[in-house]
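*Asks:* Input: one structure, supplied below.
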Amino acid sequence: MSVQERKQRERADRERLIVATARELAEQQGWDAVTTRRLAERIEYSQPVLYSHFRGKREIIGAVALDGAAEMAAALRAATAAANGPRARVTALARTYLDYAEHNPAVYDAMFRLDGGLAFAREDTPEPLKDAFAALLESLAEVAGDGVHPALFTETFWAALHGLATLTRAGRLPPEDTKRRVELLVERLAVV
226 MSVQERKQRE RADRERLIVA TARELAEQQG WDAVTTRRLA ERIEYSQPVL YSHFRGKREI
286 IGAVALDGAA EMAAALRAAT AAANGPRARV TALARTYLDY AEHNPAVYDA MFRLDGGLAF
346 AREDTPEPLK DAFAALLESL AEVAGDGVHP ALFTETFWAA LHGLATLTRA GRLPPEDTKR
406 RVELLVERLA VV
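Every letter in the sequence shown is one number past the one before it in my numbering, and letter 113, counting from 1, is 338.
Below, the structure is given as structure tokens:
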């Protein structure tokens, strides 16, 4: 391995450490606790080293969001692959989405609530975000119904899931009814 390859590997390792540490700190104490100073202390590197990877907290949030999008896409695909039939796939997709949001609240916030400097629904949207949407579209396109644009249906279904996740987490909806809400959402929106 050349010196340049080793330095690139070390740089990539440091970047992963920064992102993982930010995520861990945010999950434990919230995003307000994530500062470049605290991150530098936790990873035992100076702030200038941290800034050589990310220009600030906004970019760190964006990196966490991209990791989360990749994880969510993988989880959605695994859940839908194990389901038999369109209704079962959509139900598995909805449950997995809500489960991910519940168990990874800081990452979910990085993906959908906080400004990570990421473009959504544009040409310059990062691939992990496009892939997460594609993971939704793969199962939802088959239940959109005749004459309904699959991407538009996916956006609408996603918005409903996001609303359920956000309102449940905020205590506006009782969590014990989540399963019934998913069943109602699938029954009323999905054409199977």
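Note that CB positions come from ideal geometry on N, CA and C, so glycine has one too.
#1: DSSP on R280, reduced to helix/strand/coil?
#2: Kindly provide the ranges of any alpha helix (DSSP H) runs that are 4 or more residues long and lie completely inside the region 350 to 375, ordered along the chain.
#3: What residue ranges within the region 294 to 335 form continuous alpha helix (DSSP H) runs of no fewer than 4 residues, ordered along the chain?
#4: Please list the terminal residues of the continuous alpha helix (DSSP H) segment that includes V411.
#5: Say whether the region 284 to 298 touches the region 346 to 357, bearing in mind that this needs 3 or more beta-carbon pairs closer than 8 Å, one atom from each stretch.
#6: State the Cα-Cα distance for the pair L414 and F382, rounded to the nearest angstrom.
#7: For T260, which three-state DSSP category applies?
#8: Is it buried or exposed for N329, if we count other Cβ within 10 angstroms and need 16 for buried?
#9: Indicate whether F337 and H374 have their beta-carbon atoms separated by less than 8 Å.
#10: Can you tell me the Cβ-Cβ gap for L339 and I285, rounded? I've got them flagged as a contact below 8 Å.
#11: Would you mind working out which of T321, N309, R241 sits nearest L301, comparing C-alpha positions?
#12: Can you tell which of G341, L389, M226 has its C-alpha closest to the C-alpha of Y325?
#13: Would you tell me roughly how many angstroms separate the C-alpha atoms of A247 and G372, rounded to the nearest one?
#14: So, under 8 Å CB-CB, L323 and V411 are touching, yes? Tell me the CB distance rounded to an integer number of Å.
#15: Report the option in A335, A366, G310, R405 whose CA atom is closest to the CA atom of K282.
#16: Considering just the uninterrupted stretch of the alpha helix (DSSP H) at E269, what are its terminal residues?
#17: Return the CA-CA distance between E363 and T379, expressed in angstroms with no decimal places.
*Replies:* Let me lay it out:
#1: Sequence index remark: in the sequence shown, residue 280 carries index 55 (1-based). Three-state DSSP puts R280 in coil, outside helix and strand.
#2: 352 to 365
#3: 311 to 328
#4: Residue numbering aside, residue 411 sits at position 186 when the sequence shown is read from its first letter. Here the alpha helix (DSSP H) through V411 covers 403 to 414.
#5: yes
#6: Locating residue 414 in the sequence shown gives position 189, where the first residue counts as 1. Locating residue 382 in the sequence shown gives position 157, where the first residue counts as 1. If I take the Cα positions, the gap works out to 8 Å.
#7: To locate residue 260, count along the sequence shown from 1; it is residue 35. Coil at T260, not helix or strand.
#8: If you number the sequence shown from 1, residue 329 lands on position 104. By the neighbour-count rule (16 or more Cβ atoms within 10 Å), N329 is buried.
#9: Counted from its first residue, the sequence shown places residue 337 at position 112. Counted from its first residue, the sequence shown places residue 374 at position 149. In this structure, H374 does not lie closer than 8 Å to F337 by Cβ.
#10: The residue labelled residue 339 in the question sits at position 114 within the sequence shown. The residue labelled residue 285 in the question sits at position 60 within the sequence shown. Incorrect: roughly 10 Å between the Cβ atoms, too far for contact.
#11: Along the sequence shown, one-based indexing puts residue 301 at 76. Answer by Cα proximity: T321.
#12: One-based indexing of the sequence shown puts residue 325 at position 100. Minimum Cα distance to Y325 is reached at L389.
#13: Here residue 247 refers to the residue found at position 22 when the sequence shown is read from its first residue. Here residue 372 refers to the residue found at position 147 when the sequence shown is read from its first residue. Rounded to the nearest angstrom, the two C-alpha atoms are 44 Å apart.
#14: In the sequence shown, residue 323 corresponds to position 98, counting from 1. In the sequence shown, residue 411 corresponds to position 186, counting from 1. Not really, about 12 Å apart at Cβ, beyond 8 Å.
#15: Reading the sequence shown from its first residue, position 57 is the one you call residue 282. Considering only alpha carbons, the answer is A335.
#16: On the sequence shown, position 44 is the one that residue 269 refers to. That residue, E269, is in no alpha helix (DSSP H); it is neither H nor E in DSSP.
#17: Taking the first residue of the sequence shown as 1, we reach residue 363 at position 138. Taking the first residue of the sequence shown as 1, we reach residue 379 at position 154. Each residue's Cα considered, the two are about 9 Å apart.
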